[in-house]
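Just so it is clear: in the sequence shown, position 149 is 264 by the numbering used here, and no numbers are missing. Quick reminder that beta carbons are idealized off the backbone N, C-alpha and C, glycines included. To keep things clear, I will list the structure first and then write my remarks on it.
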Amino acid sequence: MSFIQVIVLAVVQGVTEFLPISSSGHLILASWLFDWPDQGIVFDAAVHVGTLVAVVIYFRRQWMQLISGLASDQPVEVDDSGATLKARTLAILIIVGTIPLVIGGLLAKDSVEAIFRTPETVGWLLIVTAIALVAGELFGKRARRLDDIGKYEAWIIG
């Protein structure tokens, strides 16, 4: 893999990670568009780790507030509106929201690379995602505060 490929794919990852679209899918599509060989799941994991490190650094104040608040269960600010959750509640919601990802990853680890790494599959799954996003906009509640989220909502978000 050339240095240019690494840079282009890292930029694609960085731009698409925070949008409600599949950054992994876009990495596959970018390679396909430029007629590059599939970069493989290890590269994808590496750029995702890079994104995770950037997020942890960017939100370091909030992470420190959460970690220090766990012992005393202090309120933690969760959004710009001033909404707060107790530190333990927020930690539980983060864990509950992570469980579906872990379960899905463990169940699908063998089939993911074979099935979901083709441009055709990615394209169809992006269409399904678009339909889900439109349905959410049309039928979902318009505004919701983070301090209103419970374990069920955290599970669904996960």
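Check                                                                                     : Outcome
Buried versus exposed, by CB contacts within 10 Å (16 or more), E235                      : exposed
Cα-Cα separation, Y173 to L216                                                            : 23 Å
Per-residue DSSP class, three states only, for V157                                       : helix
Exposure of I210, with buried meaning 16 or more beta-carbon neighbours within 10 Å       : exposed
Nearest candidate by alpha-carbon position, reference Q177, set L200, V164, F158 and A160 : L200
Cβ-Cβ distance between S212 and A269 below 7 Å                                            : The sequence given here has Gly at residue 212, not Ser. In contact: G212 and A269 (Cβ atoms closer than 7 Å).
Beta-carbon proximity check, E192 vs T166, cutoff 7 Å                                     : no
Under the three-state DSSP convention, the category T199 falls into                       : strand
The region 247-258 in contact with the region 147-163 per 3-pair CB rule at 8 Å           : no
Whole-angstrom C-beta distance between S137 and L241, which should lie under 8 Å          : 6 Å
Supposed contact pair M116 and Q154 - C-beta distance, whole angstroms, cut 8 Å           : 6 Å
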